[in-house]
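Novice: Before I ask anything, here is the structure I am working with.
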Amino acid sequence: MARPNYKELTIRPEVERLLEKAHDEGVETVWDRKKAQEPHCGFCELGLSCRNCVMGPCRIDPFGHGPQRGVCGADADVIVARNFGRMIAAGAASHSDHGRDLAETLLAIGEGETADYGVRDEAKLKRLTEEVGIDTTSLTPKQMAKALAELLLDDFGCRKGQVTYVARAPSKRKELWAKLGVTPRGVDREVVEMMHRTHMGVDNEAVSLLLHAARVSLSDGWGGSMIATELSDVIFGTPTPRTSSANLAVLKKDQVNILVHGHNPIVSEMIADAVRDPGLIAKAKAAGASGLNLAGLCCTGNEILMRQGVPMAGNHLMTEMAIVTGAVELIMVDYQCIMPSLVQVAACYHTKIVSTSPKAHFAGATHIEFNLQNAKAKAREVVELAIETFKSRNPDRVDIPGTPVELMTGFSNEAVLGALGGTLAPLLEAIKSGSIRGAVGVVGCGNPRVKHDHGHVELTKALIKKDILVLDTGCAAVAHGMSGLKVPAAAELAGPGLKAVCQALGIPPVLHVGSCVDNSRIMHLCALLADALSVDISALPVAAAAMEWYSEKAATIGLYAVASGIYTVLGVVPPILGSKTVTNLAVSGLEDVFGATFAVEPDPIKAAELIDNRIRSKRLALGLTP
Ligand code: XCC
Ligand code: SF4
Numbered sequence: 193m194a195r196p197n198y199k200e201l202t203i204r205p206e207v208e209r210l211l212e213k214a215h216d217e218g219v220e221t222v223w224d225r226k227k228a229q230e231p232h233c234g235f236c237e238l239g240l241s242c243r244n245c246v247m248g249p250c251r252i253d254p255f256g257h258g259p260q261r262g263v264c265g266a267d268a269d270v271i272v273a274r275n276f277g278r279m280i281a282a283g284a285a286s287h288s289d290h291g292r293d294l295a296e297t298l299l300a301i302g303e304g305e306t307a308d309y310g311v312r313d314e315a316k317l318k319r320l321t322e323e324v325g326i327d328t329t330s331l332t333p334k335q336m337a338k339a340l341a342e343l344l345l346d347d348f349g350c351r352k353g354q355v356t357y358v359a360r361a362p363s364k365r366k367e368l369w370a371k372l373g374v375t376p377r378g379v380d381r382e383v384v385e386m387m388h389r390t391h392m393g394v395d396n397e398a399v400s401l402l403l404h405a406a407r408v409s410l411s412d413g414w415g416g417s418m419i420a421t422e423l424s425d426v427i428f429g430t431p432t433p434r435t436s437s438a439n440l441a442v443l444k445k446d447q448v449n450i451l452v453h454g455h456n457p458i459v460s461e462m463i464a465d466a467v468r469d470p471g472l473i474a475k476a477k478a479a480g481a482s483g484l485n486l487a488g489l490c491c492t493g494n495e496i497l498m499r500q501g502v503p504m505a506g507n508h509l510m511t512e513m514a515i516v517t518g519a520v521e522l523i524m525v526d527y528q529c530i531m532p533s534l535v536q537v538a539a540c541y542h543t544k545i546v547s548t549s550p551k552a553h554f555a556g557a558t559h560i561e562f563n564l565q566n567a568k569a570k571a572r573e574v575v576e577l578a579i580e581t582f583k584s585r586n587p588d589r590v591d592i593p594g595t596p597v598e599l600m601t602g603f604s605n606e607a608v609l610g611a612l613g614g615t616l617a618p619l620l621e622a623i624k625s626g627s628i629r630g631a632v633g634v635v636g637c638g639n640p641r642v643k644h645d646h647g648h649v650e651l652t653k654a655l656i657k658k659d660i661l662v663l664d665t666g667c668a669a670v671a672h673g674m675s676g677l678k679v680p681a682a683a684e685l686a687g688p689g690l691k692a693v694c695q696a697l698g699i700p701p702v703l704h705v706g707s708c709v710d711n712s713r714i715m716h717l718c719a720l721l722a723d724a725l726s727v728d729i730s731a732l733p734v735a736a737a738a739m740e741w742y743s744e745k746a747a748t749i750g751l752y753a754v755a756s757g758i759y760t761v762l763g764v765v766p767p768i769l770g771s772k773t774v775t776n777l778a779v780s781g782l783e784d785v786f787g788a789t790f791a792v793e794p795d796p797i798k799a800a801e802l803i804d805n806r807i808r809s810k811r812l813a814l815g816l817t818p
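Numbering-wise, the numbering used here puts 718 at position 526 of the sequence shown, and it's gapless, one number per residue.
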């Protein structure tokens, strides 16, 4: 069979080459399966199909020729809004449940129930404990850990009026949320309420459903996700700037290659420790390898890249490609964004897929379950399995294309403040003078509906050229890293103002702030900037963009950004176009509600123009040069 034209699928020559290899070796990839699914169901794409009960399933005819109401009488507006609400609930649940795992880990540390985990950043633990109003004077770190963990665990199913970190939002934003009735209570409560509202015959009004969707998203952005970020820093260390590298070429031909994929540092940090063990390295050598090589994929890759400088092998659409190199002994996964296909792709090679979470089993994978008591031992077991697997690698099938690309990472808010001399004043000055005209969070996934990495990279290049600083997370950050945008030398690609700032500070124009839960760092930073200027977040010259998003989590992030006052551009249309009410609200009506909207623009250059216009108008409103 003739090979398809892979140039249309990805901007990366390495991925093209591996797609050819996969094709020649008869391995099916995400792009093949996407093609097999085409044409996608038009009702579902528009959000017009409903499976919420078994009087249906129902669908609304978008052209007005067929049924306009489901069996229960729900119209297009209700069906679209309900579907969108459930999407947001699933996204919030995922990131926040990850946050809960960190809170439970901190509690176990505080109660002395784990010997495998501890507190690496005591200063941050103390700061966070004091921030929530607990007197730390007579507390040991363990006591602080217990007190803070208990307080934050209460945030999840909270009977309090609001989650703890709502206190971080600027007062105008808090007043607005209160007025709208969307101040987030615990994520468990908001998600449950969304599932309730979207049951047949409960909330049957699109606007009401969307407002609750916003509340759900806020319970993640200022609740579960923010807890995930803060407690990961406490337990594993707050990131500081460091250099590392990215691309599939971080895999090593002569070493035992282990990849970690998923989201939570609770598992990946343990492997990062284990691969440094001299005894295990010796075993790898005895098996004929020159050493142990660990690299990351997706968000857990971002976690250990930010904190440990562990190299990054690739993003979402490259997870199968990593296996196709023939050089990966083992991929250890926890949860989220792990395509079940990895098991099938791995079966075509010697690669082992190891699942570790009681929440995420994969048929056909090896399950080695981690808990807070056995993590160190299990991590060693996984490394030993990888070493054993190395013996069955077929060198003739190994092809690791490309070269590793250097990048800089580790820009936590603490690190940014540190680099600025401990205060936000220099950043504010740069924004006021116009050398940095604004800042944009370029975030989110890869999606085979979009040319791989094209959206992220072209948008970011266009933004920095306009003196707009980019902060990135998730798979977008990996894309930028692999495209060489995360080194100080990339300042050459920036406009004159941003270039001068980057050169003075020795930083790249595209700052890595972490994994997707770490979008909460961006929220927090925006709140600090708004407070410093005595304005609401919606008055800041900032925006967000998710050009290649696919996941429910990304939709939730987009919505909490908008509900926090941040204009957000989506490169992929969400399934809402079947309802004029919902669509109009998303792209214009929300401006009057939250002071920000979504825009949908697949073309990255046009998206950069939209963002530029937004930043221009926000600067003018603040009395600054455009
Ligand atoms: Fe997943 Fe987080 Fe999206 Fe990447 S960016 S595809 S959500 S790994 Ni989080
Ligand atoms: Fe159909 Fe209404 Fe049931 Fe949905 S809830 S499947 S629209 S009857």
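Glycine included, C-beta positions come from ideal geometry on N, C-alpha and C.
#1: Look at Glu203 and Val679 and say whether their C-beta atoms are less than 9 Å apart.
#2: Near ligand 2, which residues have their beta-carbon less than 5 Å from any of its heavy atoms, given in chain order?
#3: On the DSSP bridge assignment, give the partners of Ser547 in chain order.
#4: Whole angstroms is fine: what's the gap from Pro457's alpha carbon to Ile496's?
#5: Going by other Cβ atoms of all chains shown within 10 Å of its Cβ, with 16 needed for buried, is Gln260 buried or exposed?
#6: Determine the direct distance from the alpha carbon of Ala736 to that of Ile628, and round the result to whole angstroms.
#7: Going by DSSP in three states, Ala800 sits in which element: helix, strand or coil?
#8: Going by the CB atoms, is the gap between Lys475 and Glu323 shorter than 9 Å?
#9: Per DSSP, Gly506 forms a beta bridge with which residues?
#10: Report whether the distance from the Cβ of Asn456 to the nearest heavy atom of ligand 1 is below 8 Å.
#11: Are there 16 or more other CB atoms within 10 angstroms of the CB of Asn805, so buried, or fewer, so exposed?
#12: With distance defined between alpha-carbon atoms, name the residue in Met247, Glu783, Glu342, Ala799 nearest to Ala731.
#13: Where do the ends of the beta strand (DSSP E) carrying Leu661 lie?
#14: Please report how far the alpha carbon of Arg312 lies from the alpha carbon of Ile427, in whole angstroms.
#15: What do you reckon, are the CB atoms on Glu740 and Val642 nearer than 9 Å?
#16: Report yes or no: do three or more beta-carbon pairs, one from the region 406 to 420 and one from the region 273 to 281, lie closer than 8 Å?
#17: Can you list, in chain order, the residues of its chain with a C-beta nearer than 8 Å to that of Asn244? Leave out the 5 residues immediately preceding and following it.
#18: On the DSSP letters alone, give me the boundaries of the alpha helix (DSSP H) that Met386 sits inside.
#19: Counting beta carbon pairs with one atom in the region 598 to 614 and one in the region 669 to 689, are three or more of them shorter than 8 Å?
#20: Could you give the C-beta distance for Ile797 and Ala654, rounded to a whole number, given that I count them as a contact under 8 Å?
#21: Output yes or no for whether 9 Å exceeds the beta carbon distance between Leu298 and Leu340.
#22: So, using beta-carbon positions, are Ala420 and Glu206 closer together than 9 Å?
#23: Using C-beta distances below 7 Å, list every residue in its chain close to Lys213, excluding the 5 sequence neighbours before and after it, in chain order.
#24: Just mark Ser436 as buried or exposed, buried being the case when its beta carbon has 16 or more other beta carbons within 10 Å.
#25: Quick one: using the 10 Å Cβ neighbour count with 16 as the cut-off for buried, is Thr375 buried or exposed?
#26: Between the Cα of Val467 and the Cα atoms of Ala268, Lys570, Ile729, which residue gives the shortest distance?
Specialist: On the basis of the coordinates in this document:
#1: The residue asked about is misnamed: residue 203 is Ile in this sequence, not Glu. No, they are not a contact pair.
#2: So the residues near ligand 2 by this Cβ test are Cys242, Asn244, Cys245, Met247, Gly248, Cys250, Gly262, Val263, Cys264, Ala266, Met392.
#3: In the DSSP output, where bridge partners are listed per residue, Ser547 has Val525, His559.
#4: Rounded to whole angstroms, Pro457 to Ile496 spans 7 Å at the Cα level.
#5: The residue is exposed, with fewer than 16 neighbouring Cβ atoms inside 10 Å.
#6: Rounded to the nearest whole angstrom, the C-alpha separation of Ile628 and Ala736 is 16 Å.
#7: Here Ala800 sits in helix by DSSP.
#8: Annotated as distal: Glu323 and Lys475, with beta-carbon spacing of 9 Å or more.
#9: Its beta-bridge partners are Leu489.
#10: In this structure, ligand 1 has no non-hydrogen atom nearer than 8 Å to the beta-carbon of Asn456.
#11: Looking at its Cβ environment, which holds fewer than 16 other Cβ atoms inside 10 Å, Asn805 is exposed.
#12: Looking at the Cα atoms, Glu783 is the closest of the given residues.
#13: Counting along the chain, the beta strand (DSSP E) containing Leu661 begins and ends at 660 to 665.
#14: If you take the alpha carbons of Arg312 and Ile427, they lie about 5 Å apart.
#15: Yes.
#16: Output reads yes: the region 273 to 281 touches the region 406 to 420.
#17: So the qualifying residues of the chain are Arg274, Thr390, His391, Met392.
#18: Counting along the chain, the alpha helix (DSSP H) containing Met386 begins and ends at 379 to 389.
#19: The region 669 to 689 makes contact with the region 598 to 614, as at least three CB pairs between them are under 8 Å.
#20: For a cut-off of 8 Å, the C-beta gap from Ile797 to Ala654 is around 6 Å, short enough to register as a contact.
#21: Contact flag set, yes.
#22: No, these two residues do not count as a Cβ contact at 9 Å.
#23: Sequence-distant partners of Lys213 (beyond 5 residues in either direction) whose C-beta falls short of 7 Å from its own C-beta, in its chain, are Val516, Asp591.
#24: The Cβ neighbour count for Ser436, taken over all protein chains shown within 10 Å, is at least 16; the residue is labelled buried.
#25: The residue is buried, with at least 16 neighbouring Cβ atoms inside 10 Å.
#26: If we check each option's Cα against that of Val467, Lys570 comes out closest.
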